[in-house]
Each structure stands twice: as structure tokens, then as C-alpha cells.
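Add 418 to a position in the sequence shown, counting from 1, and you land on the number used in this note's numbering. Please read the structure below before turning to the comments.
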Amino acid sequence: MPQKILIVEDEANIAQLLHLYLEKEGYETQIAPDGGKAVELFRAFAPDLVLLDIMLPVMDGWSVLAKIRSESKTPVIMLTAKGETTDRVTGLEQGADDYIVKPFETKEVLARIRAVLRRTLGEEVSGEKRLSFDKLVINLDAYELMVDGKRIDTPPKELELLYHLASAPNRVFTRNQLLDEVWGFDYFGDSRTVDVHIKRLREKLEDVSEKWSLKTVWGVGYKFEVTGS
Ligand code: CA
Numbered sequence: 419m420p421q422k423i424l425i426v427e428d429e430a431n432i433a434q435l436l437h438l439y440l441e442k443e444g445y446e447t448q449i450a451p452d453g454g455k456a457v458e459l460f461r462a463f464a465p466d467l468v469l470l471d472i473m474l475p476v477m478d479g480w481s482v483l484a485k486i487r488s489e490s491k492t493p494v495i496m497l498t499a500k501g502e503t504t505d506r507v508t509g510l511e512q513g514a515d516d517y518i519v520k521p522f523e524t525k526e527v528l529a530r531i532r533a534v535l536r537r538t539l540g541e542e543v544s545g546e547k548r549l550s551f552d553k554l555v556i557n558l559d560a561y562e563l564m565v566d567g568k569r570i571d572t573p574p575k576e577l578e579l580l581y582h583l584a585s586a587p588n589r590v591f592t593r594n595q596l597l598d599e600v601w602g603f604d605y606f607g608d609s610r611t612v613d614v615h616i617k618r619l620r621e622k623l624e625d626v627s628e629k630w631s632l633k634t635v636w637g638v639g640y641k642f643e644v645t646g647s
């Protein structure tokens, strides 16, 4: 069965372009031209992933995202306007899985869709909490960090933070997201806590490999960037 993608976009030419391209790539798609239709189709079509524009008639993308999140974990990729950093931060904090900046190339959209679907399926399949990359093994079952074959003493929160970032390579997390997801909602710290932990992790991971790195995304947050394989 082909995977289903709901395209929520009011600009008909963009929606049509995505529809044709994704169908050609083997996905089944439906288009919702406004926020109301988006919620309706989300329930009726039961997509595996949603591409969600923000500026929409009837109900904006934020309200649609909130509705989707109130009933499911279906991955959502936001389509944001160029330069709207706050849109990206808000989107990620409200539970979007990724964002794509307009204008985009269809190839990029396809790559993001595949990455998000792989990630969400992967999490369901493997229960093991162990991630490995070039010269790096993050083992959350044993709370062990192996860097270039050597065991590096690492406080639990640092290890959990690294694991969280590395479990979704190239995805950007905001500081607040990391606080909520790694430290927990009831944690009384501020975003500097995250910065301090990232700094300590960087000291341990500097210049180990060219294939991955802990990157700062200015104005947004952090990501574990993986280049090549
Ligand atoms: Ca729009």
C-alpha cells in the first residue's frame, strides 16, 4: 500500500506541483485548500504524513497543527515563509516534525518526507536505545558514550541530550523543546541549561569525525548534523 500524504496548501499551483511530484514518486496524495478541509481530510483520508502551510483560509496552519496533535502523532512538516524564524520555532514547539522554507525545491520536499517517515517508523520498530555513527556510539541502555573506541565519562543528562538530538539526525530542536523532552516539563531551569550541556558535549566530541557534528542553528536551536554516510 502506498504511503499517504495530505497536502495542505491554498496556493493551487504549489499544491498541484507537490501532488504531481509526490504521486510520481509513488505516494498517494490529497489536497486540502484550506484549514477546515485539512482537518476534515486528516480524519477521512488518514494520511501517514501531512505537509502543512501556515497562512491558510478558514483556519490557519497553527490551528490545524493543534487539532492534529490533539488526536494523533502523525508526522507533520510545516511549510514556512522565508525568513520567518519565529514560525519555525513555534512550529517545532507545537509538535511539528520538521519544516521546509518556501520557496522550496520538490527534491528537498521529497528528501524531508522520506527522512521524517523513516524516523517515525524506525522509532516504532526498534526498542533498543543505542545509536551508532562514525566513531561514536551512544548507548542509553547502558548509559555509555563511546568516542573513537574509548569510553567517555558523561553525566546522564548530557548523554540523554545527545541521544535525543542524534535520534533525529538533522532535525532542529529548540531549547525549550529540549528542556521539555530531555529534562521534563516540571524542570525549573532555563534555556541556558541546554547551552551549558551542549558546550560540555562539544568538548567531548570536537574533531572526532567529519561525518557528524553538534550544530547551532542561530535563532532556532540545535541539531545533530550528519553529512554523508
Ligand atoms: Ca498559504
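Glycine included, C-beta positions come from ideal geometry on N, C-alpha and C. As the structure is a computational prediction, the values presented were derived from the model and not from experiment.
Residue i versus residue j: straight-line alpha-carbon distance, rounded
i       : j       : result
Glu-502 : Trp-480 : 14 angstroms
Lys-491 : Ile-432 : 25 angstroms
Leu-577 : Pro-451 : 43 angstroms
Arg-537 : Arg-589 : 10 angstroms
Ile-472 : Thr-498 : 6 angstroms
Met-564 : Leu-632 : 16 angstroms
Gly-607 : Thr-592 : 15 angstroms
Thr-508 : Val-519 : 14 angstroms
Glu-628 : Val-555 : 15 angstroms
Ala-529 : Thr-634 : 22 angstroms
Within-9 angstroms CB hit, residue i to chain D
i       : result
Tyr-517 : Looking for chain D here will not work: only one protein chain is present.
Where residue i sits in the DSSP three-state scheme
i       : result
Asn-588 : coil
Ser-490 : coil
Ile-495 : strand
Ser-550 : strand
Thr-634 : strand
Leu-558 : coil
Tyr-581 : helix
Lys-525 : helix
Gly-639 : strand
Ile-472 : coil
Extent of the continuous alpha helix (DSSP H) run through residue i
i       : result
Val-612 : 609-623
Lys-455 : 453-463
Glu-511 : 503-511
Leu-596 : 593-596
Residue range of the unbroken beta strand (DSSP E) whose run includes residue i
i       : result
Ala-450 : 446-450
Ile-432 : Note, Ile-432: premise wrong, no beta strand (DSSP E); alpha helix (DSSP H) at 430-442.
CB of residue i within 9 angstroms of CB of residue j, strictly
i       : j       : result
Ala-514 : Leu-474 : no
- Message: So, does the region 597-609 touch the region 573-582, judging by three or more C-beta pairs under 8 angstroms?
- Response: yes
- Task: Inspect the CB distances between the region 419-434 and the region 468-487 and report whether three or more fall short of 8 angstroms.
- Result: yes
- Query: Looking at C-beta atoms only, is the number of pairs between the region 559-576 and the region 617-634 that lie closer than 8 angstroms three or more?
  - Reply: yes
- Task: Decide if the region 563-570 is in contact with the region 619-635; the criterion is three or more beta carbon pairs, one per stretch, under 8 angstroms apart.
- Result: yes
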